[in-house]
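Those protein sequences? They're chains X and U, same order as listed.
Just so we're aligned, residue -5 is where the first sequence starts under my numbering, counting upward by one.
Just so we're aligned, residue -5 is where the second sequence starts under my numbering, counting upward by one.
Just so you know, even glycine gets a beta-carbon here, dropped at the ideal spot from N, CA and C.
Because the structure is a prediction, the values reported are computed rather than measured.
Number of protein chains: 2
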Amino acid sequence: MESHLSIDEVAKRTGLTAHTLRYYERIGLIAPVARAAGGQRRYAASDMAWIEFLLRLRTTHMPIGKMQTFAKLRSAGDRTVSDRRQMLEAHLTDVLANIEAMRQSAESLRVKIAYYRSFEQSLASNSNTDEGDVNETPKSLRARTRKTARNRR
Amino acid sequence: MESHLSIDEVAKRTGLTAHTLRYYERIGLIAPVARAAGGQRRYAASDMAWIEFLLRLRTTHMPIGKMQTFAKLRSAGDRTVSDRRQMLEAHLTDVLANIEAMRQSAESLRVKIAYYRSFEQSLASNSNTDEGDVNETPKSLRARTRKTARNRR
DNA sequence: CTAGAAGTTGGAGCGCGCTCCAAGTCAAGC
DNA sequence: GCTTGACTTGGAGCGCGCTCCAACTTCTAG
C-alpha cells in the first residue's frame, strides 16, 4: 500500500475531478484518505481500487445513496459480506434488465434509422421535380416499409 | 387516428405521470395535443407512437435537450429527415458504447459477487479473516479468528 | 342538481450529482 | 522574501428531470 498519489493525479487517472473526489469523501463514499504533512491527500493503491469499484457502480447507474449504504457496510467489516453480496446481486439483476432494455431500444433505433435512410433514398429520386437537387446518389428506390414509426414495448 | 385517450389513460399506458405528459408538451417534446370540448387532452394513436419513441430515447439516456432538438426537426417536416437520421446514428453509437461499458461493469460485479460468496464459505467453515474487500483473486481460503457468519441464502 | 373525481394552468419546489466559489494554507523556485 | 500554483475547507449554486401546489373548470355518477 503506497500512499503517494495526489488528488490531481487520482483525478487524472480516474476521470473524476478533484472536486468530485473530495465530495465523495465528504459524503462517506470514500473513507478518509491519508494526509501528507501539509494536510494534502495521499491516495493509496487500496483507495484507487475502491474508487474504481465505485466507478463501476456508477457506470451501472447505482444511485449514490446505495453506494453510501454499501460503503458503510464495507467499513463495518467482514460480518457484512453477506449483506454486501446481496446488495450486489440485487443491483446486478437491475443492471442486466437495464442492459436488455437498452439493447431493445437500440434495436428499434436501428430500425428507425434504416427507415429514414430508405425515405431519404425515395426523396432523392422523387423530389427532383420540385427543385434541383444538388447531390445524393439518385438511386430510385421507393420502398416504404409499411410501418411508420410505431413500435410497442 | 382516433383521438380519445385521456391524459390518465395515456399515463397508465406509458408509465409516465400525467404531470410528466403535460411537462413534455410544455417544453415542446410533444406537439400540442388535440382537446375535447372542455379543453381536456385527447391523445391520438400517432401521439402514442411518438411518446413511445420518446421513451425509447429516454431508455437509452438521450438528454431532454436533444430530444427537443429532434422533436423540432421532426415538426419541420421531411426535409429534416437526414438530420434526424444523423442524430439517431450518433446517438446509437453512444448507446452501444454505453451498453458495452455496462456489460463490462456487470461482469466485474459478477466476479466480485463470486468472491464474496467464496469468502462467505470460508467464514462459514472457519472463523474469519480480516477486512478483505480489495477484491480479486479469491486467495487461499484461510481464516484467522473471530466470529461466525450470520445469514446465508 | 350535487358531489366528487378528473382535468386545466402558471409557477414554485425538489432530489440528485455534482460544480464552483471564497478564503485560506503550504511547498517549491527565484 | 516573494510569487506561483497546488492544495485545503465550508458552503453556495446549478442543471436536469421531473413533481407538486394552488386555484380553478369540467365531466360523470347517482
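Suppose only complete runs of 3+ residues qualify. What are the beta strand (DSSP E) ranges in the segment 46 to 133 of chain X, listed by chain order?
none
Please check the pair Met61(X) and Leu51(X), which I expect to be a contact at CB under 8 Å, by giving their CB distance rounded to whole angstroms.
5 Å
Using a C-beta cutoff of 8 Å, does Lys106(X) count as contacting chain U?
yes
Comparing the C-beta of Arg20(X) with each C-beta of chain U, is any distance below 8 Å?
no
By the DSSP assignment, the alpha helix (DSSP H) with Val4(X) in it spans what residues?
For Val4(X), the enclosing alpha helix (DSSP H) starts and ends at 1 to 8.
Any C-beta of chain X sitting closer than 8 Å to the C-beta of His85(U)?
yes
Report yes or no: do the segment 71 to 86 of chain U and the segment 100 to 115 of chain X share at least 3 C-beta pairs separated by less than 8 Å?
yes
Can you say whether Thr87(X) is buried or exposed, counting buried as having 16 or more other CB atoms within 10 angstroms of its CB?
exposed
For Lys106(U), count the other beta carbons within 10 Å of its own beta carbon; 16 or more makes it buried, fewer makes it exposed. Which is it?
buried
Measure the Cβ-Cβ separation of Ile1(U) and Ala12(U) and say whether it is below 8 Å.
yes
Inspect the beta-carbon positions of Arg97(X) and Ile93(U) and report whether they are closer than 8 Å.
Less than 8 Å separates the beta-carbon of Arg97(X) from that of Ile93(U).
Check each candidate in Arg29(U), Ile21(U), Lys6(U), Gly71(U) and name the one with the smallest Cα separation from Tyr110(X).
Gly71(U)
Give a yes or no on whether the minimum CB-CB distance between Tyr110(X) and chain U is below 8 Å.
yes
Rounded C-beta distance between Thr63(U) and Val89(U)? I'm assuming under 8 Å.
Between Val89(U) and Thr63(U) the Cβ distance is about 17 Å, and since that is not below 8 Å, they are no contact.
Cβ of Ala65(X) within 8 Å of Cβ of Gly9(X)?
For Ala65(X) and Gly9(X), no; Cβs fall outside 8 Å.
On the DSSP letters alone, give me the boundaries of the alpha helix (DSSP H) that Thr14(U) sits inside.
If you look at Thr14(U), you'll find it in the alpha helix (DSSP H) that goes 12 to 20.
Flag Asp72(U) as yes if its beta-carbon sits less than 8 Å from any beta-carbon of chain X, otherwise no.
yes
Is Leu151(X) close to chain U, meaning its C-beta is less than 8 Å from at least one C-beta of that chain?
No statement about residue 151(X) is possible, as the shown extent of chain X runs from -5 to 147 and does not include it.
By the 10 Å Cβ neighbour count, where 16 or more other Cβ atoms means buried, how is Arg7(X) classified, buried or exposed?
exposed
Report the residue from Ala100(X), Ala118(X), His(-2)(X), Ile58(X) whose alpha carbon sits nearest the alpha carbon of His85(U).
Ala100(X)
Would you say Met61(U) lies against chain X (beta-carbon separation less than 8 Å)?
No, no contact with chain X.
When DSSP labels each residue in this structure, what does Ala28(X) get in the three-state scheme?
coil
If I measure Cβ to Cβ from Glu46(X) and keep anything under 8 Å in the same chain, skipping five residues before and after, which residues do I get?
Thr8
With distances taken from CA atoms, which of Ala95(U), Glu3(U), Thr14(U), Arg16(U) is nearest Ala39(U)?
In this structure, Glu3(U) is the residue among Ala95(U), Glu3(U), Thr14(U), Arg16(U) with its C-alpha nearest to the C-alpha of Ala39(U).
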